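Below is one structure, written out as structure tokens; comments come after it.
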Amino acid sequence: MSFNDKSVLVTGSTTGIGEASARAFAAQGARVLITGRNAERGANICAEIEGDGGTAEFCQADLSDRAQCDRLVSETVRRFGRLDVLVNNAGVLHEGTAPDTSDHAWDETVTVNISSVFFMSRAAVRQMKEQGGGCIVNTASEWGLNGEPGFVAYCASKGAVVQMTRCMALDHAVEGIRVNAVCPGETHTEMLDRMLRDQGGDFDENMRNFAAGIPMRRVASASEVARCVVFLASDDASYVTGTTLVVDGGNDATAGAYGP
2 MSFNDKSVLV TGSTTGIGEA SARAFAAQGA RVLITGRNAE RGANICAEIE
52 GDGGTAEFCQ ADLSDRAQCD RLVSETVRRF GRLDVLVNNA GVLHEGTAPD
102 TSDHAWDETV TVNISSVFFM SRAAVRQMKE QGGGCIVNTA SEWGLNGEPG
152 FVAYCASKGA VVQMTRCMAL DHAVEGIRVN AVCPGETHTE MLDRMLRDQG
202 GDFDENMRNF AAGIPMRRVA SASEVARCVV FLASDDASYV TGTTLVVDGG
252 NDATAGAYGP
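Residue numbering for the sequence shown follows this note's numbering, starting at 2 and increasing by one per position.
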């Protein structure tokens, strides 16, 4: 796979799957615009990518402000001349059943996990139509395909991303714009670490117990998911659109709890 002369915008790319995706695209020759709220972290990632011979620039953005979605697409085009790939990766996770989920938690989940994907994609499609095509990859979740107790807001939001992916793929296939989603399972990111620490007790034991319920007996690394993101955006997936690529160590293949 090669992304030489391609321009890629990755939201939520100062940590986790987004960061790993940005690094993976840059390693394949892409010019990458990294975005997030943490300017220091973004600048450090760009410096490391450039130190490895890649091309990356940072643009600070808070996607809870929908106007910044249009701005990010415009900035990508201004800096790199075009937008070939958009990766919608920014997301938040709030734990809770419906009675336990605050208005703030619900509103933030909808704004970041659903609305920003829509507004980013809308802006990207307008640009991609002008230039004759492009590709969008959304980070959904295994929990957008199957429910998970105690995470109603997150599961609902990722289910919405799955359906948005399918509908936009149908709407824009004739325009040469492919739209797909990755659905990661449990992945070793700061989000997962925070969830396991919140459980209390020994962190390493919590991680082992968590991984024991996965058929492959481990969580994914962010780079494993990133490679799937890069594949969906590449010419190797030129006839793939409207799909959800599940990257979950076998969880989705089970009919219930996976035992030893």
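We put the beta carbon where it would ideally sit given N, CA and C, even for glycine.
Here the structure is a predicted model, which means the values were calculated and not measured.
According to the DSSP assignment, residue 24 belongs to the alpha helix (DSSP H) that extends over 17 to 28.
Here DSSP, grouped into helix, strand and coil, assigns residue 215 to coil. Assigned with DSSP and collapsed to three states, residue 145 falls in helix. Sequence-distant partners of residue 234 (beyond 5 residues in either direction) whose C-beta falls short of 6 Å from its own C-beta, in its chain, are 86, 136 and 138. If you keep only unbroken alpha helix (DSSP H) runs of at least 4 residues inside the region 85 to 168, you get 104 to 110 and 117 to 132.
Looking at the backbone, the Cα of residue 133 and that of residue 196 are separated by about 42 Å.
Here residue 61 carries a strand assignment [DSSP, helix/strand/coil]. If you draw a 10 Å sphere on the C-beta of residue 150, you find fewer than 16 other C-beta atoms in it, and that means exposed. Here residue 36 carries a strand assignment [DSSP, helix/strand/coil].
C-alpha of residue 118 to C-alpha of residue 161: approximately 10 Å in a straight line. The residue among 154, 145 and 65 with its C-alpha nearest the C-alpha of residue 98 is 154. Residue 127 and residue 88 have their C-alpha atoms spaced approximately 15 Å apart.
The bridge partners DSSP lists for residue 47 come to none. The three-state reading of DSSP puts residue 75 in helix, counting H, G and I together. In the DSSP assignment, residue 8 falls within the beta strand (DSSP E) that extends over 8 to 11. The straight-line gap separating the alpha-carbon atoms of residue 36 and residue 105 is approximately 23 Å.
Rounded to the nearest angstrom, the Cβ distance from residue 29 to residue 3 is 6 Å, consistent with a contact under 8 Å. Within the same chain, and ignoring the five residues on either side of residue 130 in sequence, the residues whose Cβ sits closer than 6 Å to its Cβ are 176. Listed in chain order, the non-local C-beta contacts of residue 216 below 8 Å within the same chain comprise 250, 251, 252, 254, 255 and 259, local neighbours out to five positions each way being set aside. Residue burial annotation: residue 210 is exposed, with fewer than 16 other C-beta atoms found within 10 angstroms of its C-beta.
Taking C-beta atoms under 8 Å as the contact rule, residue 238 and residue 232 qualify, at a distance of about 6 Å. Per the DSSP secondary-structure output, residue 241 pairs with nothing in a beta bridge.
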